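Whatever position you read off the sequence shown (first residue = 1), add 5 for the working numbering.
Every residue, glycine too, gets a C-beta built ideally from N, C-alpha and C.
Remember, predicted model here, so these are calculated numbers, not experimental data.
For reference, the structure is listed below as C-alpha cells.
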Amino acid sequence: MKKTVEHSLLFARVYEQVAGGDIPRESRPVFHLTPLTGWMNDPNGFSYYHGQYHLFYQYNPYDTEWDAMHWGHAVSHDLLHWTYLPAALAPDAPYDSFGCFSGSAMELPNGKQLLMYTGVRQEGGDKGYEYQTQCLAVGDGKDYTKYEKNPVLDTGDIPEGLSPYDFRDPKMWRKPEGGFRCVVGARRKDKRGVLLLFDSETGFDWKYAGILAENDGRFGLMWECPDFFPLDGKDLIFVSPQDMLPEGFEYHNGNGTVCLIGKFDGKQFIEEHNQAIDYGIDFYAPQTIQTPDGRRVMIGWMQNWDTCKTTGYEERPWIGQMSIPRELFLKNGRLYQQPIRELAQYRGRKIEYKDVLLDGKKELKGIEGRVVEMDITLRPADAGNPFRKFTMRFAQNEKYHSDLSFWPYESWLQIDRKFSGSRRAYIHQRRCLVADRQGEIHLHVVMDRFSVEVFINDGEQVMTATILTDSDARGISFETDGKVLMDITKYTLFDEE
Ligand code: FRU
Numbered sequence: 006m007k008k009t010v011e012h013s014l015l016f017a018r019v020y021e022q023v024a025g026g027d028i029p030r031e032s033r034p035v036f037h038l039t040p041l042t043g044w045m046n047d048p049n050g051f052s053y054y055h056g057q058y059h060l061f062y063q064y065n066p067y068d069t070e071w072d073a074m075h076w077g078h079a080v081s082h083d084l085l086h087w088t089y090l091p092a093a094l095a096p097d098a099p100y101d102s103f104g105c106f107s108g109s110a111m112e113l114p115n116g117k118q119l120l121m122y123t124g125v126r127q128e129g130g131d132k133g134y135e136y137q138t139q140c141l142a143v144g145d146g147k148d149y150t151k152y153e154k155n156p157v158l159d160t161g162d163i164p165e166g167l168s169p170y171d172f173r174d175p176k177m178w179r180k181p182e183g184g185f186r187c188v189v190g191a192r193r194k195d196k197r198g199v200l201l202l203f204d205s206e207t208g209f210d211w212k213y214a215g216i217l218a219e220n221d222g223r224f225g226l227m228w229e230c231p232d233f234f235p236l237d238g239k240d241l242i243f244v245s246p247q248d249m250l251p252e253g254f255e256y257h258n259g260n261g262t263v264c265l266i267g268k269f270d271g272k273q274f275i276e277e278h279n280q281a282i283d284y285g286i287d288f289y290a291p292q293t294i295q296t297p298d299g300r301r302v303m304i305g306w307m308q309n310w311d312t313c314k315t316t317g318y319e320e321r322p323w324i325g326q327m328s329i330p331r332e333l334f335l336k337n338g339r340l341y342q343q344p345i346r347e348l349a350q351y352r353g354r355k356i357e358y359k360d361v362l363l364d365g366k367k368e369l370k371g372i373e374g375r376v377v378e379m380d381i382t383l384r385p386a387d388a389g390n391p392f393r394k395f396t397m398r399f400a401q402n403e404k405y406h407s408d409l410s411f412w413p414y415e416s417w418l419q420i421d422r423k424f425s426g427s428r429r430a431y432i433h434q435r436r437c438l439v440a441d442r443q444g445e446i447h448l449h450v451v452m453d454r455f456s457v458e459v460f461i462n463d464g465e466q467v468m469t470a471t472i473l474t475d476s477d478a479r480g481i482s483f484e485t486d487g488k489v490l491m492d493i494t495k496y497t498l499f500d501e502e
C-alpha cells in the first residue's frame with residue numbers, strides 16, 4: 006500500500022466534478038453504478054434515508070487504482086438510476102490518514118445520518134503498521150462532519166489475542182429492543198477471521214458485546230465486510246473471506262463470498278447451511294438493507310481483488326461497478342436472489358420465441374443487444390435423452406464474444422470471457438455446479454453494457470461477470486451439441502436497443 010499525502014475533502018470534491026464531468030455517459034454502464042471518476046471498490050453505507058436510497062463506495066478519485074480511500078456518494082429513488090453527490094469522506098484526519106475504509110450508515114433518532122467507517126492510520130513510517138479503528142461521521146445526507154471523539158473503537162477495544170491490524174468494516178443496525186449494534190471483521194493472530202459484536206445506546210458510545218461467529222478454518226483467513234440480518238425466519242451472516250481454498254464447485258480460491266444460514270440465540274450462532282453468495286467471477290463485499298416495503302436487498306462490488314485488472318482497464322477513466330441490487334429470500338434452506346423488481350419498469354421492446362429447436366448453430370431475429378434482459382428455458386428435445394452442450398454467445402462481433410455454456414450431463418454452467426477483449430491473463434472462466442434437472446434449466450440473464458448477471462433456476466444461484474468489450478459487439482447467437490428446445494423472451498432495457 007502506498008501514499009501518505011495530505012488529503013482534503015474540498016479538493017476531492019472539486020477534482021471529481023471536473024474529472025467526472027469529462028466522462029462520456031456511453032462509456033459507463035446504463036444502470037450499474039460506477040465511480041464518478043477513478044477507482045471504486047466495496048459498497049458502503051447502503052441505506053434508505055429521507056426518502057431516497059444512499060450508496061457510498063470505497064473511492065479513489067485520483068486514479069484507476071486502489072489508493073487513499075475516500076467515500077464516494079450517490080443517491081437513487083429506484084436503485085437503478087443514480088445521481089452522484091459530492092464525495093462524503095476524505096482521509097484527512099490523523100486517525101484515518103491512511104484511508105476511510107468500509108462501513109455502514111444509519112438514521113439517528115434526531116434525523117441525522119450516522120456513518121461508521123474504519124479509519125486507518127499508519128504508525129512507524131512507510132514500513133510501519135496500519136492500525137484499523139472504527140470512526141463516526143454525522144451528516145444531513147450530503148455533508149458529513151467527523152466525530153470529535155474519533156476513533157470510537159480503537160485497537161484496545163478488541164479482545165486479547167486479536168490483531169490490531171485487521172479490525173474493519175463495521176455494519177450497524179438498530180436493535181428491535183432499542184439501541185444499536187454492529188458487527189466488525191477481525192482476525193486472530195493465526196490469521197483466522199472472527200466477527201465481533203459491539204453495542205451502543207446512542208450510536209456514539211460502543212462497547213464490546215461478544216463474538217458472533219468464527220472462522221474455524223473452513224473459509225479462508227481474514228473475514229472482511231460482514232453483514233448480519235434476519236430473513237424468512239432465519240439469521241444470515243454474509244462475509245467476504247480472503248485467501249479461500251476451493252471446495253469442489255462451492256468456493257473458488259482467492260477472495261470469495263460466503264452466506265451462513267442459521268439461528269442466533271443471542272450468544273451463539275448455530276449454522277445450518279453455508280453456500281457461496283455468487284458463483285461467477287466478479288463479486289465481493291456485498292451489503293444489504295431492508296427497503297421501506299420490507300424487502301432485503303443486497304448490492305455487491307461487481308469486481309473482485311483476484312480479477313480487478315482483467316480487461317483493458319488502462320484506457321478507462323473509471324474502474325469498478327456495483328452489481329444490480331438483488332432481492333434476497335430463502336427457499337428449501339438456501340439463499341435465493343432475484344434482480345430488484347424495479348427493473349421490470351424499464352423493459353422496452355419484447356421479443357419472444359417458444360419451442361425453438363436448436364441443433365447446431367442458430368441466430369434469432371431481434372435477439373441481440375448489450376443492455377437487455379432475457380428469460381431462457383432449455384429442455385432436451387428428446388425427453389430423457391439430454392443434449393451434450395448448449396452455448397449462448399453474447400457481446401459478439403467478428404472479433405469478440407463471451408460465452409455462457411451448459412453441460413447437462415455434468416450439470417455445469419460456465420461463463421467464459423476469454424475472447425471479450427481482454428489483453429490480460431487473469432481469470433476469464435468460471436464453472437458452477439447447478440441442480441441436475443435432466444437437461445432442464447432456467448436462466449434469467451441481465452446484461453448492462455459491461456456486465457452479465459445470470460440468475461439460475463429462479464435465483465437458486467447467481468453468476469456475475471464484467472465484460473469490458475467494445476459496445477458495438479452486440480450479437481447474441483446459440484450453438485448446441487445435441488437437440489435442445491428453447492423458450493426465450495428478450496426485453497430491451499432503458500430504451501437501449
Ligand atoms: C474489502 C476491503 C475492506 C476494506 C476495503 C478497503 O474489499 O479490503 O476490508 O475496508 O476493502 O478499501
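Using a C-beta cut-off of 8 Å, the stretch 325-339 makes contact with the stretch 452-459, since at least three inter-stretch Cβ pairs fall below that distance. The beta carbon of residue 63 sits closer than 7 Å to at least one heavy atom of the ligand FRU.
Between residue 225 and residue 266, the alpha-carbon positions lie close to 18 Å from each other. For residue 443, the closest C-alpha among the options 264, 368 and 414 is that of 414. Distance from the CA atom of residue 358 to the CA atom of residue 500, rounded to whole angstroms, is 21 Å. Our two residues, residue 249 and residue 360, have alpha carbons roughly 42 Å apart in a direct line.
Residues whose Cβ lies closer than 7 Å to any heavy atom of the ligand FRU, listed in chain order: 46, 47, 63, 71, 74, 104, 106, 107, 123, 173, 174, 190, 229, 230, 245, 289, 290, 306 and 310. Distance from residue 324 to residue 432 at the Cβ level is roughly 16 Å; contact not present, criterion being Cβ atoms closer than 8 Å. Exclusion of the five residues before and after residue 237 leaves 334 and 335 as the residues of its chain whose Cβ lies within less than 8 Å of its Cβ.
Taking C-beta atoms as the reference points, residue 420 and residue 434 count as a pair closer than 8 Å.
Comparing C-alpha distances from residue 24 to each of 160, 342, 163 and 40 shows the shortest one belongs to 40. Residue 497 and residue 378 have their C-alpha atoms roughly 7 Å apart. Separation of the CB atoms of residue 493 and residue 372 is rounded to 7 Å, and the pair is thereby assigned contact status at 8 Å. At a cut-off of 3 residues, the continuous stretches assigned as beta strand (DSSP E) that sit fully inside the stretch 111-160 are 118-128, 134-144 and 149-151.
Excluding the 5 residues flanking it on each side, residue 295 has same chain C-beta neighbours closer than 7 Å at 301, in chain order. Secondary structure of residue 229 (DSSP, three-state): strand. One alpha carbon belongs to residue 389, the other to residue 48, and they sit about 45 Å apart. The beta carbon of residue 439 sits closer than 6 Å to those of 416, 418 and 461, all from its chain and outside the five residues before and after it, given in chain order.
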